[in-house]
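Position 415, counted from 1, in the sequence shown is what numbering that gives the first Met the number 0 calls 414; the numbers after and before it change by one each time, with no gaps.
See below for the structure under consideration.
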Amino acid sequence: MDYINLDYKPKKSELIAEYLVKPAPHVTIDFAVSQIAAESSIGTWTTIQTMKPRIAKELSPHVFSIKRKTNNRFLIRIAYPIALFEKGNAPQLLSALAGNIFGMKILKELRLEQFIFPKEYLKGFKGPLYGIQGVRAITKVKERPLLGTIVKPKVGLDPIEHAQVAGEAWAGGLDIVKDDENLTSMSFNDFKRRVKKTFEKRDMIENLTNEKKIYLPNVTAETFEMLRRVEYVKSLGGEYVMIDVLTAGFGALQTLRDNSNGLAIHAHRAMHAALTRNPGHGISMLALAQLLRLIGVDQLHIGTAIGKMQGPKKEVKTIFNEIELPAYVSNEMVQDWGNIKPVMAVCSGGLHPLLMPQLLKIFGKDAIFQFGGGCHGHPNGTRAGARALRQALDAALNNIPLKKAAEERPELRQAFEKWG
């Protein structure tokens, strides 16, 4: 079968996938893309007697765009009939469009870049329970970015020490404290005891500061255990849970979304670079972010464009726009999210107070800025680090140069001494 039709106009009911393709030596691009289309849908490597004309006619995908890029790479687009996909089943979508095709010898490299989901497919998913406006309602912060930290060191503290660090960060002015991605329930830091002690500290700091404070416990675990942890967080008055979405898996995430008991979901993207970092092979962070918005996380780590983590500014900004806007155009492909709520972007990784003006310029006010070492690494400790962050944000929002603001704010001045 010939799947290539460059005159084909995709139907609004079809699901579109965009790939970056580099054929193996001596393999033509036409043959390569035809095999991608076949293997990801109804075809196989040889002619088969069971291929009925009805199946070929109704379920055949169409390669409708092939554009040469650089270094023998081609950007291709394939339109798939919606009947090829089970509604509301994210793992099945990936099994088809990011499955066997990555193992084909005819390909040197392959990267899944992005999707366009038709309205009918969107209806099978819930999307975020809260989204940006819901997050603002929970946190009671309306007109500025949210500021957060991750308890450091990542692991090693006992529950009481963990709660104490969280309390210092909240007392210094931060809105959010979260567990790190590899802190679950350890021999030295039991999940239930940590969460109980940290919520007790949260309640105390809220009474002292008259500000809403948020704790994000990491519930990542085997699915049934994860749901038990969700129930425990809810019983203690929590509003959020955090999950490592890729290591837990898309099926587990869908289960969590369906059984979140009214809690918002904070998505950490641990392990994403194993899929996203190679610009010619794997799955882009944009495609993963689209799936995560579809399933329904309320907050998602997207990178910083600055700081310690890899991620070009243009790419990070594209992801930001895709998850936060009701519709977005990427590579001339328009994703209209319909009734799927926007996701609040989380920026973290190697950030400190002096980067606040750049963060605000890149991402604006609808974002969460998280500082781990950039808070706890302050010369005077966590509370001073939190104050320096709040001081830097206040100055940046009022267009006051940080050096000028630091003249009257000792915590910010000390941040300059360390990171300036």
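Glycine included, each C-beta is placed from N, C-alpha and C at the ideal position.
These numbers were taken from a predicted model, which means no experiment stands behind them.
Reference residue i, options the options, closest by Cα
i: Leu358; options: Ala326, Gly337, Gly373 and Ala395; result: Ala395
i: Val328; options: Cys346, Gln289 and Phe198; result: Gln289
i: Ser33; options: Ile75, Pro144 and Leu354; result: Ile75
i: Met332; options: Val176, Leu14 and Glu142; result: Leu14
i: Ala326; options: Lys316, Ile339, Phe190 and Tyr214; result: Ile339
i: Met270; options: Ala247, Ile305 and Leu255; result: Ala247
i: Gln369; options: Phe114, Asp179, Gly166 and Val232; result: Asp179
i: Leu182; options: Pro117, Val342 and His267; result: His267
i: Arg110; options: Glu142, Gly281, His351 and Phe73; result: Gly281
i: Asp6; options: Leu19, Ala78, Ala31 and Asn258; result: Ala78
i: Trp418; options: Val134, Asn397 and Ala387; result: Ala387
i: Met185; options: Leu156, Val150 and Ile137; result: Leu156
i: Ser12; options: Lys104, Ile28 and Leu121; result: Leu121
i: Asp189; options: Gln91, Arg228, Asn397 and Asn398; result: Arg228
i: Ile204; options: Lys191, Ala162, Thr222 and Glu221; result: Ala162
i: Phe101; options: Gly348, Gly279 and Glu416; result: Gly279
i: Asp29; options: Lys66, Thr222 and Gly87; result: Lys66
For residue i, the three-state DSSP class (helix, strand or coil)
i: Arg76; result: strand
i: Leu285; result: helix
i: Leu226; result: helix
i: Gly147; result: strand
i: Thr49; result: At Thr49 the pLDDT is 46, less than 50, meaning the model places this residue with poor confidence; the figure from the coordinates comes in the next sentence. Correct three-state label for Thr49: coil.
i: Ser33; result: helix
i: Leu358; result: helix
i: Pro352; result: helix
i: His161; result: helix
i: Pro409; result: helix
i: Glu17; result: strand
i: Lys402; result: helix
i: Arg276; result: coil
i: Phe415; result: helix
i: His25; result: coil
i: His377; result: coil
Whether residue i touches residue j by CB criterion (9 Å)
i: Ala16; j: Ser39; result: yes
i: Ile242; j: Ile213; result: no
i: Gly372; j: Ala168; result: no
i: Pro144; j: Lys195; result: no
i: Gly123; j: Val342; result: no
i: Gly295; j: Glu314; result: no
i: Leu146; j: Arg412; result: no
i: Leu215; j: Val176; result: yes
i: His61; j: Tyr18; result: no
i: Leu235; j: Phe187; result: no
i: Gln113; j: Ala286; result: yes
i: Pro80; j: Ser94; result: no
i: Gly166; j: Arg201; result: yes
Supposed contact pair residue j and residue i - C-beta distance, whole angstroms, cut 8 Å
i: Val240; j: Leu252; result: Between Leu252 and Val240 the Cβ distance is about 11 Å, and since that is not below 8 Å, they are no contact.
i: Val20; j: Leu96; result: Wrong, their Cβ atoms sit about 13 Å apart, outside the cutoff.
i: Val164; j: Thr381; result: 6 Å
i: Gly250; j: Pro90; result: 5 Å
Which runs of the beta strand (DSSP E) spanning at least 3 residues fall entirely within the segment 78 to 141, listed in chain order? Complete beta strand (DSSP E) runs here, min 3: 106 to 115.
For a minimum of 4 consecutive residues, which ranges assigned as the alpha helix (DSSP H) are wholly contained in the segment 288 to 346?
Those alpha helix (DSSP H) runs which fall completely within the segment 288 to 346 and span 4+ residues are 312 to 323.
| Mind pulling the beta strand (DSSP E) runs of 3 or more residues that sit fully within the segment 191 to 270? | Runs of beta strand (DSSP E) with 3 or more residues, each lying fully within the segment 191 to 270, are found at 213 to 215, 239 to 243 and 263 to 267, listed in chain order.
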